[in-house]
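First up is the structure itself, then whatever we jot down about it.
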Amino acid sequence: MLALTNNAALVIQSLTNSPELPGSAGLRITAQPEDQQSLSLAVAAEPTAGDAVVEEQGARVFLEESASSMLDEMVLDAEVDAQGSVQFFLGSQAGQAGGQPGGAAPSQNSQGPDGPTA
Numbered sequence: 000m001l002a003l004t005n006n007a008a009l010v011i012q013s014l015t016n017s018p019e020l021p022g023s024a025g026l027r028i029t030a031q032p033e034d035q036q037s038l039s040l041a042v043a044a045e046p047t048a049g050d051a052v053v054e055e056q057g058a059r060v061f062l063e064e065s066a067s068s069m070l071d072e073m074v075l076d077a078e079v080d081a082q083g084s085v086q087f088f089l090g091s092q093a094g095q096a097g098g099q100p101g102g103a104a105p106s107q108n109s110q111g112p113d114g115p116t117a
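In case it helps, numbering that gives the first Met the number 0 puts the sequence shown at residues 0 to 117.
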């Protein structure tokens, strides 16, 4: 199952802890239908039927079925740059001692001013 670093959990919490969103909100990750190797991220009020739910350190991630199988044994990490943009990274759980960043390969997913984008 997907694991989260401390940074990823904090970023997801900041994206989903909004007065407009219910307490059940989380980050939803889906596989792109046209390219099963590409992922899309979006803030969602709740999981969709069939989603796997990862809850770590107060952050919730909803994994669409195809994305869940792609991300098994992976670690999600995140960085925020000086302009406030978020970059998400994926790495192998085997290569990440204690869920800390190290050897994580950048994903194509980031957050712009309007939320996470692919």
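Cβ atoms here follow ideal geometry from the backbone N, Cα and C, with glycine treated the same way.
Beta-carbon gap between residue i and residue j smaller than 8 Å
i, j, result
"Ala7", "Leu62", "no"
"Ala30", "Met69", "yes"
"Gly25", "Ala51", "no"
"Glu55", "Leu9", "no"
"Leu38", "Ala77", "no"
Residue environment, residue i, which counts as buried when at least 16 other CB atoms sit within 10 Å
i, result
"Leu90", "First, the residue type needs correcting, since residue 90 is Gly and not Leu in the sequence shown. With 16 or more Cβ atoms within 10 Å of its Cβ, Gly90 is classed as buried."
"Ala93", "exposed"
"Ser13", "exposed"
Nearest-angstrom Cα separation, counted from residue j out to residue i
i, j, result
"Gly57", "Ala81", "24 Å"
"Arg27", "Pro46", "7 Å"
"Leu1", "Gly49", "16 Å"
"Asp34", "Glu72", "21 Å"
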